[in-house]
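Colleague: With the working numbering applied, the sequence shown corresponds to residues 729 to 828, in that order. Ideal Cβ placement from N, Cα and C applies to all residues, glycine included. Have a look at this one.
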Amino acid sequence: MSDLSTDGWAGLESQRGMPVGGAAASRVVSGAAQSRIDKAFARCFSGDDGDIALRHLRAVTLDRALGPGVSDASMRHLDGQRCLVLHIQSLIERGRNGPK
729 MSDLSTDGWA GLESQRGMPV GGAAASRVVS GAAQSRIDKA FARCFSGDDG DIALRHLRAV
789 TLDRALGPGV SDASMRHLDG QRCLVLHIQS LIERGRNGPK
């Protein structure tokens with residue numbers, strides 16, 4: 729498998745068709761590569777546009793409540809979305825302030 733931290737888009741292209749939760753999900757990123765990823769997320773979500781986008785993601789996931797008749801699949805789907813938004817928020821925070 730290629731190293732995404734050095735191969736850029738080519739590294740992503742080589743993983744097409746890889747199953748979700750496969751080898752890519754368990755890959756460990758080095759400290760320097762993680763720092764670059766954190767800073768990239770901080771840059772992407774900086775400024776007014778980034779704030780608008782992040783507020784929208786929070787509104788449609790974290791601030792959303794499902795009714796009592798919702799299916800198990802719908803709850804799991806929303807939970808996955810919430811986890812992703814929380815992960816994005818943590819990447820942004822580390823990119824702005826460094827690791828704790």
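For the alpha helix (DSSP H) that contains L794, what are its first and last residues?
Modeller: Unbroken run through L794: none, as it is neither H nor E.
Colleague: Hey, R792 and L806 are a contact pair by Cβ (cut 8 Å); roughly how many whole angstroms apart?
Modeller: 7 Å
Colleague: Pull up the distance between the alpha-carbon of G808 and that of L814, whole angstroms please.
Modeller: 10 Å
Colleague: How big is the Cα-Cα spacing for I816 and R786?
Modeller: 11 Å
Colleague: At the level of alpha carbons, what is the spacing between D776 and G795?
Modeller: 32 Å
Colleague: Grab me the residues of F769's own chain with a C-beta within less than 7 Å of its C-beta, minus the 5 sequence neighbours each way, in chain order.
Modeller: I816, L819, I820, G823
Colleague: If we require 4 or more residues per run, which alpha helix (DSSP H) segments fall completely within the segment 750-790?
Modeller: 751-754, 759-772, 775-788
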